[in-house]
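Residue numbers (our numbering): 32 to 392.
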Amino acid sequence: MRAILLSGALAAVCSLLGTRIAIGWFARHGLGQPIRHDGPTTHHVKRGTPTMGGLVILLSAAAAYLAATILTGGWPSASAWLLVLLFFGCGVVGFLDDFIKVYTQNNQGLSSRAKMAGQTLVALVFGVLATQFFADERDVRPASQYISTTQDWGIKLPLIVVLLVTWFIVTATSNGANLTDGADGLLAGASALIFGAYTIVNVWQNNQLCDSSRPTVVESQCYQVRDPLDLAVFAAAIAAACFGFLWWNAKPARIMMGDVGSLAIGGALAGLAIMSRTELLMAVVAGLFVLETMSVLLQMSYFKLTRRLTGTGRRIFRITPIHHHFEHLGWEEVTVVIRFWIIGGIFVATGLGIFYASWLA
């Protein structure tokens with residue numbers, strides 16, 4: 032528990048101070064945000080706002096985790112290094128996308144194929160390492176070859192199927208986080224709630240770990256997770272880093288997160304879900320990301336279908352992701368953000384409720 036508290040405190044301070052420094056440095060070097068032309072007109076004033084602030088979240092969270100772990104007498108586990116792989120691997124893909132946008136001052140960065148190729152490479156390397164290597168003394172690996180909600184269930188899946196599932200989770204989650212990052216403070220605030228929830232989940236799993244010496248552990252209800260406490264420390268660091276960043280990213284934002292932050296956050300969330308055996312539960316905890324993604328998929332599908340049937344494509348929403356739709360309806364950006372935080376909080380509370388109810392059952 033000391034490591035969790037120390038990790039969170041260090042990440043919050045590093046992010047709060049580091050973001051302030053990054054704002055000045057990025058502004059001096061002309062690293063400003065280009066704006067999509069079809070977005071809300073109220074966003075046009077944001078053109079030129081320093082971007083790639085997600086770098087501060089990555090560095091603050093990783094440094095805080097490492098410092099807290101070592102200072103409390105521990106050493107990073109295999110699960111933590113694999114989480115670093117996803118966190119920074121997806122972050123590198125996002126950084127390249129941001130750099131191209133800033134360099135060309137165009138909202139089109141990496142091509143969709145190049146971005147998907149980078150995410151796929153990171154996801155497959157993670158999947159192989161997490162499922163095939165790093166077994167502990169209990170023969171538990173960081174990731175399993177089963178589908179999980181709060182526990183493994185069903186039959187053991189072939190490696191190729193597991194890798195496809197891992198690829199889907201990593202790409203879907205990182206792109207879902209990326210789609211959510213479109214209003215001042217929206218993704219940072221929602222992510223702090225989601226990673227805070229995973230801190231609680233991993234702490235509970237550590238307290239109810241299989242083969243634990245704790246007298247409160249019920250073997251029929253225990254969790255086969257390799258390093259739950261380490262995952263909790265890292266999750267707390269990311270949550271706190273998002274909080275620190277939010278101080279400067281709240282409307283009117285002094286700095287943008289950029290794809291380097293949003294893709295990294297999504298990748299880290301995917302890693303936590305896979306290694307804590309809560310892949311399906313994550314779809315509830317991070318339901319806001321699912322909502323944003325589904326709005327885009329529905330819009331595209333409906334447009335293509337109506338164009339094929341009538342010759343003229345029609346839209347369900349004025350614009351997607353869906354938070355922009357409400358801005359087009361006349362909602363203030365800060366109103367959209369707060370209400371979407373509330374929706375995200377409801378999803379998080381529901382996910383935690385399902386997790387605890389499953390243990391009680």
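All C-beta atoms, glycine included, are put in the ideal place defined by N, C-alpha and C.
Using a Cβ-Cβ cut-off of 6 Å (strictly less than) and excluding sequence neighbours within five positions of residue i, which residues of its own chain qualify?
| i | result |
| --- | --- |
| Thr230 | Ala263, Ala266, Ala267 |
| Ala392 | none |
| Arg349 | His356, His359 |
| Val321 | Ala314 |
| Ser175 | Asp183 |
| Gln236 | Tyr254, Val256, Pro259 |
| Gly158 | Leu194, Thr197 |
If residue i and residue j are in contact, beta carbons under 8 Å, what's the gap, nearest whole angstrom?
| i | j | result |
| --- | --- | --- |
| Gly213 | His354 | 6 Å |
| Ser293 | Pro259 | Actually they do not touch by this definition, with Cβ atoms about 26 Å apart. |
| Phe57 | Met32 | So it is not a contact: roughly 36 Å between Cβ atoms. |
| Ser46 | Ile88 | 6 Å |
| Ile286 | Trp279 | 5 Å |
Taking Cβ positions, are residue i and residue j nearer each other than 8 Å?
| i | j | result |
| --- | --- | --- |
| Leu312 | Phe386 | yes |
| Gly344 | Lys335 | yes |
| Val196 | Gln255 | no |
| Val193 | Thr162 | yes |
| Asp290 | Asp183 | no |
| Thr324 | Asn206 | yes |
| Gly298 | Leu117 | yes |
| Met331 | Gly85 | no |
| Ala203 | Leu218 | no |
| Leu329 | Ile347 | yes |
| Asp261 | Ser108 | yes |
| Val124 | Gly104 | no |
Who are the Cβ neighbours of residue i in its own chain at under 7 Å, not counting the five residues just before and after it?
| i | result |
| --- | --- |
| Ile200 | Ala301, Ala304, Ile305, Glu310 |
| Ala98 | Leu41 |
| Ala281 | Asp215, Gly216 |
| Gly382 | Ala228, Leu312, Val315, Val316 |
| Val379 | Leu224, Ile225, Ala228, Val316 |
Measure the C-alpha to C-alpha separation of residue i and residue j and round it to an integer number of angstroms.
| i | j | result |
| --- | --- | --- |
| Thr181 | Gly384 | 11 Å |
| Ile191 | Asn233 | 27 Å |
| Val153 | Gly55 | 32 Å |
| Pro283 | Val365 | 9 Å |
| Gly140 | Arg59 | 22 Å |
| Ala43 | Ala93 | 12 Å |
| Ser389 | Ile225 | 19 Å |
| Phe164 | Pro173 | 8 Å |
| Leu240 | Ile52 | 41 Å |
| Ala271 | Lys187 | 36 Å |
| Ala295 | Thr50 | 17 Å |
| Arg17 | Val115 | Outside the shown range of the chain, which is 32 to 392, sits residue 17, and nothing can be said about it. |
Specify, as a first and last residue, the run of the alpha helix (DSSP H) that residue i falls within.
| i | result |
| --- | --- |
| Met325 | 318 to 341 |
| Leu303 | 289 to 306 |
| Cys121 | 109 to 135 |
| Ile369 | 364 to 391 |
| Phe276 | 259 to 280 |
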